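Quick notes on the structure that follows.
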Amino acid sequence: MSTPSLQSLPQGYRALVIGATGAIGGALLAHLRADPRCALAVGLGRRTSPAVDLDDETTVAHAAQHLKAQGPWHCIIHAAGMLHGSHGLPEKRMAQLNYAQMEATFRTNTFGPALVLAHFAPLLPRQGRSLLAVLSAKVGSIGDNRLGGWYSYRASKAALNMLLKTASIEVARTHPQAVLAALHPGTVNSALSAPFNGAKIGRAADDAAADLLRVLDGLGLEQTGGFHAYNGQELPW
């Protein structure tokens, strides 16, 4: 698949990817660095300098402050997330719900991205088009939930969608040409999806990242705050 070029952004645009060590985050960063229109693409994570650790709010604030001088940043993508961790696989039944797993899931999928929105959205240019996206998931759609299960993961992504929508309203007041979006990448071959046969049913992270960038590039100003799949489909909340 060919590398996408963000034609809607100005020549020499600058991009940030938070969660660049993950499969999709790494692929997004690689595509952005390969775009001849992109002057600078920086990946952030727990081991980068500056570091961004979603469990430590001070690192999020410090990283944003550190990168402010190199801005404005025309494209900011938050790609970090978790489906399962040390507390077990996604809950299939209510009886499996527990504080430890719910808190861990929400810290990574909701609270961390909320802090990224708070600290990094101000780095967008106040004039001209800019893009800010968070990776969500179709299973976070309340309207599309027909199978049940995956309680914490579904709820954390639904909450993330609300945060993104709310942020888009506030950001529009100071950055009138910014487009914020929640994006569903589909099932991707990654550590996140591996326990669920992701390697058999998923797509390559490189392909998913290219699709996401194309969708993001094509969103109109009137679509800010929306929820979109990798194929451009608008998803129900």
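Going left to right, the sequence shown walks through residues 12 to 248 as the working numbering numbers them. All C-beta atoms in this analysis are idealised placements derived from N, C-alpha and C, irrespective of residue type, glycine included. In this text, all values refer to a predicted model and were calculated from it rather than measured experimentally.
- The C-beta separation of L17 from D228 comes to about 5 Å, placing the pair in contact by the 8 Å criterion.
- In the DSSP assignment, L51 falls within the unbroken beta strand (DSSP E) covering 49-55.
- Taking C-beta atoms as the reference points, D67 and R118 fail to come closer than 8 Å.
- Under a 10 Å Cβ-count criterion, N120 is classified as buried, with 16 or more other Cβ atoms of the shown protein chains found around its own Cβ.
- Within the segment 76-102, the beta strand (DSSP E) runs of at least 3 residues that lie entirely inside it are, in chain order, 86-89.
- A check of alpha carbon separations from A106 across S60, Y162, F122 identifies Y162 as the nearest.
- A straight-line Cα-Cα distance of about 33 Å links V182 and Y110.
- By the beta-carbon neighbour count (other beta carbons within 10 angstroms, threshold 16), N200 is buried.
- In the structure shown, the three-state DSSP call for Y241 is coil.
- Our two residues, P187 and P47, have alpha carbons roughly 26 Å apart in a direct line.
- Apart from sequence neighbours up to five positions away, the residues of its chain that approach Y24 with a beta-carbon distance below 7 Å are L17, R48, C49, A50, H85, C86, ordered along the chain.
- In the three-state scheme derived from DSSP, where H, G and I count as helix and E and B as strand, A26 is classed as strand.
- In the three-state reduction of the DSSP assignment, L232 falls in the helix class.
- By the C-beta density criterion, G159 is exposed, having fewer than 16 other C-beta atoms within 10 angstroms.
- Per DSSP, L65 is not a residue of any beta strand (DSSP E), being assigned neither H nor E.
- In the pairwise beta carbon analysis, the segment 125-135 is classified as touching the segment 165-179: at least three pairs are separated by under 8 Å.
- For L232, the closest alpha carbon among the candidates A169, L223, L142 is that of L142.
- By the neighbour-count definition (other C-beta atoms within 10 Å, threshold 16), E114 is an exposed residue.
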